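Student: Residue numbers (the numbering used here): 75 to 374. All C-beta atoms, glycine included, are put in the ideal place defined by N, C-alpha and C. Quick caveat, the model's predicted, so the values are computed rather than measured.
#1: Shortest alpha-carbon distance to residue 327 belongs to which of 335, 296 and 338?
#2: Give me the DSSP bridge partner(s) of residue 361.
#3: Distance check for residue 368 and residue 146, CA to CA, integer angstroms please.
#4: Output yes or no for whether 8 Å exceeds the beta carbon distance between residue 219 and residue 205.
#5: Whole angstroms are fine: how far does the CA of residue 142 sit from the CA of residue 133?
#6: Taking C-alpha atoms, which residue in 222, 215, 122 and 114 lies nearest to residue 290?
#7: Counting pairs of beta carbons, one from the stretch 312 to 324 and one from the stretch 281 to 288, are three or more of them closer than 8 Å?
#8: Considering only residues of the same chain and omitting the five flanking positions on each side of residue 349, which have a CB-CB separation below 6 Å?
#9: Counting pairs of Cβ atoms below 8 Å between the stretch 256 to 263 and the stretch 110 to 122, do you hit three or more?
#10: Please say whether residue 268 and residue 309 have beta carbons closer to each other than 8 Å?
#11: Below 8 Å, how does it come out for the stretch 163 to 178 and the stretch 248 to 255: are there three or more Cβ pairs, yes or no?
#12: Quick check: what's the CA-CA separation for residue 360 versus residue 184?
#13: With C-beta atoms as the reference, is residue 217 less than 8 Å away from residue 140?
#14: If we ignore side chains and look at the alpha-carbon of each, how far apart do residue 112 and residue 277 end up?
#15: Per DSSP, residue 290 is paired with what?
#16: So for residue 145, helix, strand or coil by DSSP?
#17: Are residue 320 and residue 115 closer than 8 Å when you measure CB to CB?
#18: Consult DSSP for residue 369 and reduce its assignment to one of helix, strand or coil.
Here it is in structure tokens:
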């Protein structure tokens with residue numbers, strides 16, 4: 075299943091309802107950003123249960139056919155897990171976002187497709203590189219990097235249930251295919267809030283050699299209140315000389331975030347240089363941004 079304009083219009087119209095649903099878990103009358111309790115970050119280890127998938131969908135990407143768990147099967151799986159039913163219920167109501175609770179990780183979003191196509195078309199070389207698929211959802215960008223020769227790929231999403239239900243199974247299904255060709259990539263999985271993730275990884279990433287050569291991220295700037303967290307991840311996790319590819323919509327109607335807003339944040343921080351390397355002006359405007367440390371960055 076993939077992003078549709080119909081879904082996006084519906085999401086925007088229902089954003090206030092989503093905030094109301096999220097705020098029902100607290101008695102505070104402060105603003106949404108002050109009352110939300112973000113999920114703590116943690117590493118998630120794969121289990122044998124995540125091998126048990128009944129069916130497989132194929133996502134064609136150039137010469138590769140990426141396997142992934144069908145959306146409907148993931149929903150069915152989560153609706154049977156105590157404490158995770160709200161994700162299935164939200165998706166049944168076409169509520170792809172519940173602030174602080176669910177960040178839409180079960181879908182293959184439109185800009186994810188854009189970035190996957192761009193990486194293939196431009197022939198980006200991931201051979202021997204360390205990759206972070208940030209806000210990974212189904213993990214297709216990181217999986218594509220594995221097919222393209224990445225040494226290691228770390229997958230991070232807000233919801234641990236998404237990591238367990240779709241990301242890890244997707245990686246396992248494709249790893250078996252990669253091993254047939256003699257390609258071996260290591261992988262790790264993380265969930266939770268970006269601020270906590272940066273703290274969790276800070277000791278490990280204190281040496282530049284452990285940082286990421288590439289950060290791939292899609293549809294991650296829609297919430298303005300999380301943009302500074304995203305910037306902090308970039309600064310903490312990117313290796314000097316590394317590259318970030320950020321695929322986004324120019325503006326997220328009804329939500330508040332947008333690429334120009336994030337570009338201003340980057341410019342004011344001055345740690346990074348950016349350029350727009352791909353645009354689409356048909357339908358909802360979309361772009362891919364290439365981001366690197368600036369020459370004046372203390373990390374350079």
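Tutor: In terms of the structure at hand:
#1: Put simply, of 335, 296 and 338 the residue whose alpha carbon is nearest the alpha carbon of residue 327 is 296.
#2: Secondary-structure assignment with DSSP links residue 361 through a beta bridge to 322 and 353.
#3: Here the alpha carbon of residue 146 sits roughly 43 Å from the alpha carbon of residue 368.
#4: Taking 8 Å as the cut-off, the beta carbon of residue 219 is found closer than this to the beta carbon of residue 205.
#5: For residue 133 and residue 142, the distance between alpha carbons rounds to 7 Å.
#6: Cα-wise, what sits closest to residue 290 is 215.
#7: Result yes; three or more Cβ-Cβ pairs closer than 8 Å.
#8: For residue 349, where only same-chain residues beyond five positions count, the Cβ hits under 6 Å are 364.
#9: They touch, by the three-pair rule.
#10: Cβ distance not < 8 Å, so residue 309 and residue 268 don't count as in contact.
#11: Cβ pair count under 8 Å is below three, so no.
#12: Residue 360 and residue 184 have their alpha carbons spaced roughly 9 Å apart.
#13: Yes, they are a contact pair.
#14: Cα to Cα, the separation comes out at about 22 Å.
#15: Paired residues: 207 and 319.
#16: Here residue 145 sits in helix by DSSP.
#17: In this structure, the beta-carbon distance from residue 320 to residue 115 does not fall below 8 Å.
#18: The DSSP-derived three-state label of residue 369 is coil.
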